[in-house]
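Q: Here the working numbering is used: the first residue of the sequence shown is 263, the next is one more, and so on.
Even glycine gets a Cβ: it sits at the ideal position worked out from N, Cα and C.
Please see the structure below; I have some questions.
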Amino acid sequence: MTKAQDQKEMVGEEMNLEMIINKAPDEIKKEFIYRKYLKGSFIIHPFEDNDYLYILIKGSAEVFRQSSNGSMISLYKYHSYSCFGEVEIFNKDIKTLSVTAKTNCETIAIHKTLVYKWMQQDFNFTSYLIEHLAAKLITSSDTVAKLSLLTVKDRILYSIHAHYKIGDLKTLTKHALSSEVCAPIRSLNRSISQCINENYIDFKEKRFKVVSIVKLENYLEKIF
263 MTKAQDQKEM VGEEMNLEMI INKAPDEIKK EFIYRKYLKG SFIIHPFEDN
313 DYLYILIKGS AEVFRQSSNG SMISLYKYHS YSCFGEVEIF NKDIKTLSVT
363 AKTNCETIAI HKTLVYKWMQ QDFNFTSYLI EHLAAKLITS SDTVAKLSLL
413 TVKDRILYSI HAHYKIGDLK TLTKHALSSE VCAPIRSLNR SISQCINENY
463 IDFKEKRFKV VSIVKLENYL EKIF
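Quick look at the structure:
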């Protein structure tokens, strides 16, 4: 089967990234960089330059960004055979967002020069990246819109969960949280007391603590 016939056959199927990777040109495959990450560790650190496309081949990961008012927003959740890092490849002025391993993860890192070369040789890969970027735009817009409609309590729990996931909850102060959720201290304190009474969080010695991450995530899943 010729390369053209092979690609025509793939167009007729439901394309996914695993299939595309399996059919990648050998000259591209031999340059794949395989990496492993432990649960809770950074796959990509925030505010860095990035020249690599990351393909998650095992595990799950989550992407966080800081909004204009300072709040931490969970934008995307990735599972096996999805990718990230492509935005920075196509725009050198964009810095990275925080990508954290939710479980033990394995990735393939591909330098941007190889990404360009692969795109020239495989329309299916190019099509996948375009569809992926479009889906990201819609998801991030929907997330921001939903956050604007949340109550102070909901925004507090959302923000605390985000800080918990990226590992800096111990540094979160009431003043910083007040700015993140756009609520005055008096309103913030009332909602914090409500969250404590409902056993989502605790606040002792000026530090926040998640009482039950399972209960908190179940609650957030309902409002999102």
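Which residue from Pro287, Ser342, Tyr299, Thr369 puts its Cα closest to that of Tyr314?
A: Of Pro287, Ser342, Tyr299, Thr369, the residue nearest in Cα terms is Thr369.
Q: Starting from Val473, trace the alpha helix (DSSP H) in both directions and tell me its first and last residue.
A: Val473 -> no alpha helix (DSSP H), and no H or E assigned at all.
Q: Could you pull the DSSP bridge partners for Lys484 from this structure?
A: DSSP lists no partner for Lys484.
Q: Using 8 Å as the Cβ pair cut-off and three pairs as the minimum, do the stretch 416–427 and the stretch 470–482 touch?
A: Segments in contact, yes.
Q: Looking at C-alpha atoms only, which residue of Lys436, Ala445, Pro446, Ile447 is the closest neighbour of Lys466?
A: It is Lys436.
Q: Of the choices Lys292, Ile306, Ser344, Asn386, whose alpha-carbon is the least far from that of Arg327?
A: Selected option, being the one with the closest Cα: Ile306.
Q: Please name the residue, chosen from Leu450, Ser403, Tyr296, Glu393, that lies closest to Tyr316 on a Cα-to-Cα basis.
A: Here the closest residue by C-alpha is Tyr296.
Q: Go ahead and pull the three-state DSSP assignment for Glu324.
A: DSSP places Glu324 in strand when its eight states are reduced to three.
Q: Just to confirm my understanding: we take Val349, look at its own chain, exclude 5 residues before and 5 after, and list those with CB closer than 6 Å. What are they?
A: Answer for Val349: Ile356, listed in chain order.
Q: Assuming the contact rule is C-beta atoms closer than 8 Å, Ser322 and His341 should be a hit. Round their C-beta distance to whole Å, please.
A: Indeed, because the Cβ distance is near 5 Å, the residues count as touching under 8 Å.
Q: Tell me which residues share the same chain as Ile485 and place their Cβ nearer than 6 Å to its Cβ, disregarding the 5 neighbours each side in the sequence.
A: So the list reads Asp416, once near-sequence residues are dropped.
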